[in-house]
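To start, the structure itself, in structure tokens.
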Amino acid sequence: MEETCVPPKAPRWTVAAATGLIAVMVAATIVGRLPDPEHRKFLVLDIVVGVVSVALIPLVIRRPVHGAIAVAILAIFSPAATPPSTVGTLTVALRRPFRTALLVALAGTVAHLIQGAWQPIHGLPFLWFAVLDVVVHAALLGWGQGTQARQQLLQSLRERARRAEDEQGRRVAEARTLERTKMAREMHDVLAHRLSLLATYAGALEYRPDSSPEKLAKAAGVIRTGVHQALDELREVINVLRDEDVYEGRPQPTFDDLRALVDESREAGATIAYDDHVADPASLPPATGRTAYRVVQEGLTNARKHAAGHPVNLTVDGGPGDGLRIELTNAASNGTSLAPGSGTGLVGLTERVQLAGGTLDHGRVPGGGFRLEASLPWPS
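Final position of the sequence shown in my numbering is 1639; the numbers increase by one with none missing.
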């Protein structure tokens, strides 16, 4: 009979200890048969069978099925092989599938029935011997299979717990990465806007050196304040990228901050025609309001970078159930740029709008100029 799997190799001291203990049991069995004259004539056979069965214990431990069948065959000739045969049946029940264990247990049962018929025990009817034989082997089979099932269940639970921990760790890492990416994107939008404002004021100082001292001082003060704000925002970006730092996050802009954003750009010298036809802005979802703010912020930043000094037309309209529409147009580029761009702002903005369930369209318009148009959902 082939074994279904290879058992783990037992340590030598375990094999030696098991062999010694079974040898003692075999010797006790042989000595216990000596008072009976009928059994005394089998003494030599008992000794030979006992020695051979004890010698097979390492085989029983390392190759349970083969070893159990071998000692079961020896049990036919002498009760001296009963302890090793019992150990073999239990070992197979502990390590092998039910079908294999059942066949080995049947082999052991039949071997002991033949032994009981050949060398009956005085004072014990053969019927009761058969009953005890079947009960003992059934108990060994049930004990071994129950213990094996319990070990498999525990192993399965440990494996599931390990997988759950790994999955949880992976989810935490993914959530952390996603959150850092989201915050870094927010910081990119803010920094691009802030730096373009600084470039505008710096350009005014460079091209209008004849301005009054009051205007120069005011522009320098704005630049200094903007630099401090940009440094604070850059520090937040660095904190976002550090795993060990906890970033609490700045208050996120809302749709109500849109007017202040436009006013800030006007103070920097931009000419903006702002038309607001939004009905019931208080009912606008916060996430939609933040996305609208970022769309306008990116549009004003790009207009300031690539078409400085040209007017900007901004229209925002919509209402509950109709959606929110944003359209920003500006004149053609003057060929110079106040601040270098990464070229990824509109790409990230498109992704942001799509995640919000909206659409974003941008490109050149007939006659020159640039148009940025966004449509965002606004449930009724």
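A virtual CB, placed ideally from N, CA and C, is assigned to each residue, including glycine.
- Taking Gly1627 as the centre and dropping the five residues before and after it, the same chain places the C-beta of Ala1590 and Ala1591 closer than 8 Å to its C-beta, in chain order.
- If you check the CB distance, Thr1278 and Ile1316 come in under 8 Å.
- Rounded to whole angstroms, the separation of the alpha carbons of Leu1386 and Gln1378 is 14 Å.
- Judged by beta-carbon spacing, Gln1407 lies within the 8 Å limit of Leu1353, meaning their Cβ atoms are closer than that value.
- For Glu1586, the beta-bridge partners assigned by DSSP are Thr1574 and Glu1632.
- Out of Thr1530, Asp1539, Arg1355 and Ala1275, the CA that lies nearest to the CA of Asp1581 is found in Asp1539.
- When beta bridges are read from the DSSP output, His1536 appears opposite Asp1576.
- In the structure shown, His1298 adopts helical secondary structure according to DSSP, grouped into three states.
- Take the alpha-carbon of His1325 and the one of Val1390: they are about 26 Å apart.
- In the structure shown, Gly1626 adopts coil according to DSSP, grouped into three states.
- Leu1619 is bridged by DSSP to Ala1633.
- Here Val1612 is not near Thr1547, since their CB atoms are 8 Å or more apart.
- Only buried fits Asp1305, as 16 or more other CB atoms lie within 10 angstroms of its CB.
- In the structure shown, the three-state DSSP call for Ile1281 is helix.
- Rounded to whole angstroms, the gap between the alpha carbons of Gln1374 and Ala1334 is 7 Å.
- In this structure, the beta-carbon distance from Phe1514 to Leu1559 does not fall below 8 Å.
- The three-state secondary structure of Ile1531, taken from DSSP, is strand.
- Here Leu1517 is buried: its Cβ has 16 or more other Cβ atoms, across all protein chains shown, within 10 Å.
- Close CB contacts of Leu1608 within its chain, under the 6 Å cut and outside five residues either way in sequence, are with Glu1557 (chain order).
- Pro1343: member of the alpha helix (DSSP H) spanning Thr1341 to Arg1354, first to last residue.
- With a 10 Å radius around the Cβ and a threshold of 16 neighbouring Cβ atoms, His1487 comes out exposed.
- CA-to-CA, the gap between Phe1388 and Gly1428 works out to about 59 Å.
- With 16 or more other CB atoms across the displayed protein chains lying within 10 angstroms of its CB, Pro1512 is buried.
- Remark: C-beta atoms of Arg1630 and Gly1622 approach each other more closely than 8 Å.
- For Gly1382, no alpha helix (DSSP H) run applies, since DSSP gives it neither H nor E.
- Assigned with DSSP and collapsed to three states, Arg1322 falls in coil, not helix or strand.
- Phe1357 carries a helical assignment under DSSP once its states are collapsed to helix, strand and coil.
- When the Cα atoms are used, Glu1473 and Ala1541 turn out to be separated by approximately 40 Å.
- Secondary structure note for Gly1558: its alpha helix (DSSP H) is the uninterrupted segment Pro1545 to His1565.
- Between the beta-carbon of Ala1532 and that of Leu1573 there is about 7 Å, and that keeps the pair under the 8 Å contact cut.
- When the Cα atoms are used, Leu1635 and Glu1433 turn out to be separated by approximately 27 Å.
- At a Cβ-Cβ threshold of 8 Å, Ile1320 and Ala1370 do not count as neighbours.
- Between Gly1403 and the set Val1394, Leu1416, Gly1382 and Phe1357, the nearest pair of CA atoms involves Phe1357.
- Using a 10 angstroms sphere on the CB of His1536, the tally of other CB atoms stays under 16, which defines it as exposed.
- If you check the CB distance, Ala1633 and Leu1614 do not come in under 8 Å.
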